[in-house]
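> Let me begin by handing over the structure; questions about it come next.
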Amino acid sequence: MSLDEFNWKEMHHHCLFWRGNETVIVIGDEAHKRHPERNVCFDLYHAGKRRKVVGCIFGNDDEKIAETLAFFLSLKDGGKNGARLEIDLDMSNSSFCMSALKPEHLAQMLDANPTRQYRLQAGIWTPEQTAILGSRPYPLHLTLTRSGFGEGSGFRFKDGGAASQQRW
């Protein structure tokens, strides 16, 4: 299955996907509204188009949310240069911790779409995740940015960046 197989226009960019692990993927313009439930939100931009898929994943615990995030973002996006994924934990008012994403899930997401651009705003990353980011056999189009939503928001490594300095 690939992201190109969905008829986004027919769904009017609004749909819900229930997963067996008790998480919900919400697709649509309203997905990013502030919700009190545990969540992580993302924007997927199609290559060469302004159109994007706005989504949010809701669940009761970070491990299940991370598993669903890995599933959905590992779907092929057509392999065209210019497709972009943005994740901003501050914008979604999320209590989700990116360190819940298992290293093998991160590798699965990156390897499924090696030409995709990634823009990550905020988050805490483990040394194991950093090793995955630094060891891909292809150029990784990665932008790490700081979100402007409050003191202490931004991109952080649990080990202070030691693993990334060793890899990169």
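Read in order, the letters of the sequence shown are residues 15 to 182 in the numbering used here.
Where is the CB? At the ideal position from N, CA and C, for every residue including glycine.
Since the structure is predicted, the reported quantities are computational estimates derived from the model, not experimental observations.
From Pro50, Tyr59 and Cys70, pick the residue whose C-alpha is nearest to that of Cys29; which is it?
Looking at the Cα atoms, Cys70 is the closest of the given residues.
> Contact check, Ala97 vs Tyr59 under 8 Å by CB: the rounded distance?
7 Å
> First and last residue of the alpha helix (DSSP H) that includes Asp76?
Asp76 to Leu87
> May I have the straight-line CA-CA distance separating Ser88 from His119, to the nearest angstrom?
Per the coordinates, the alpha-carbon of Ser88 lies some 9 Å from the alpha-carbon of His119.
> Output the distance between the C-alpha atoms of Asp43 and Val68, rounded to the nearest integer angstrom.
6 Å
> Between the beta-carbon of Thr129 and the beta-carbon of Ile79, is there less than 8 Å?
no
> So, with DSSP's three-state summary, where would you put Thr140?
coil
> Cα-Cα, which of Ile101, Ala114, Pro153 and Ala61 is closest to Lys90?
Ala61
> Residues in its own chain within less than 6 Å of Arg33 by CB, not counting five upstream and five downstream?
Thr82
> If Leu124 and Ile101 are in contact, beta carbons under 8 Å, what's the gap, nearest whole angstrom?
Actually they do not touch by this definition, with Cβ atoms about 13 Å apart.
> What would DSSP say about Glu118, mapped onto helix, strand or coil?
helix
> Kindly indicate which residue of Phe72, Leu154, Ile41 and Gly148 has the alpha-carbon position closest to the one of Asn53.
Answer by Cα proximity: Phe72.
> Which value, in whole angstroms, describes the spacing of the CA atoms of Gly148 and Gln122?
14 Å
> Tell me which residues share the same chain as Thr157 and place their Cβ nearer than 6 Å to its Cβ, disregarding the 5 neighbours each side in the sequence.
Arg133
> Quick one: Cα of Pro117 to Cα of Asn127, how far?
16 Å
> Secondary structure at Gly148, three-state DSSP: helix, strand or coil?
helix
> By Cβ distance below 8 Å, which residues in the same chain neighbour Ala45 in space, the five residues on each side in sequence not counted?
Cys55, Val68, Gly69 and Cys70
> Measuring only the C-alpha atoms, how far is Glu142 from Ile41?
Put simply, the backbone Cα of Glu142 is about 30 Å away from that of Ile41.
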